[in-house]
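Asker: Residues in the sequence shown are numbered consecutively from 16, following the working numbering. I have a structure here, written as structure tokens, and I will follow up with some questions on it.
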Amino acid sequence: SMDVVSGTEYQRTMDASAAETKALRYRYFAFWALGLLNNASYVIMIAAAKSISEGGTGLVFVANIVPSLTIKATSPYWFHLVSYVTRMI
16 SMDVVSGTEY QRTMDASAAE TKALRYRYFA FWALGLLNNA SYVIMIAAAK
66 SISEGGTGLV FVANIVPSLT IKATSPYWFH LVSYVTRMI
């Protein structure tokens, strides 16, 4: 036998599905926007390296890369000490 779904129950299901779709789109947009902002400063600094430091273009490259490289290299040793809630902020 086929189960009959009431109109109200069907509407609630459709509303939940629409909300999930909207949340998913929002999440995709947020990741895209944050990724763009993350890379924009790097690209601008690299493009302006000669203007920032005429003689020390290499110094600008190092100053741009060392902080993130340090975090990536050392995080396996201390990242477990940071709570999950703090990491999500």
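Yeah, the Cβ is synthetic: ideal placement off N, Cα and C, and Gly gets one too. On a predicted model such as this, the values are computed, not experimentally measured, just so you know.
(1) Do Leu74 and Ser83 have their C-beta atoms within less than 7 Å of each other?
(2) Quick one: give me the first and last residue of the alpha helix (DSSP H) that Ile86 is part of.
(3) Put Ile61 into one of helix, strand or coil per three-state DSSP.
(4) Do Ala64 and Thr72 have their CB atoms nearer than 7 Å?
(5) Pick out whichever of Asn54, Ser98 and Ala38 has its Cα sitting closest to the Cα of Ile15.
(6) Determine the extent of the alpha helix (DSSP H) in which Val100 is found, giving its start and end residues.
Answerer: According to the data block:
(1) Here residue 74 refers to the residue found at position 59 when the sequence shown is read from its first residue. Here residue 83 refers to the residue found at position 68 when the sequence shown is read from its first residue. In this structure, Ser83 does not lie closer than 7 Å to Leu74 by Cβ.
(2) To locate residue 86, count along the sequence shown from 1; it is residue 71. Element bounds for Ile86: Thr72 to Trp93.
(3) By 1-based counting over the sequence shown, the position of residue 61 is 46. Three-state result, Ile61: helix.
(4) One-based indexing of the sequence shown puts residue 64 at position 49. One-based indexing of the sequence shown puts residue 72 at position 57. Their beta carbons are under 7 Å apart, which means Ala64 touches Thr72 by this criterion.
(5) Shown here, the chain extends from 16 to 104; a query on residue 15 therefore has no answer.
(6) In the sequence shown, counting from the first residue as 1, residue 100 sits at position 85. Start and end: Tyr99 to Met103.
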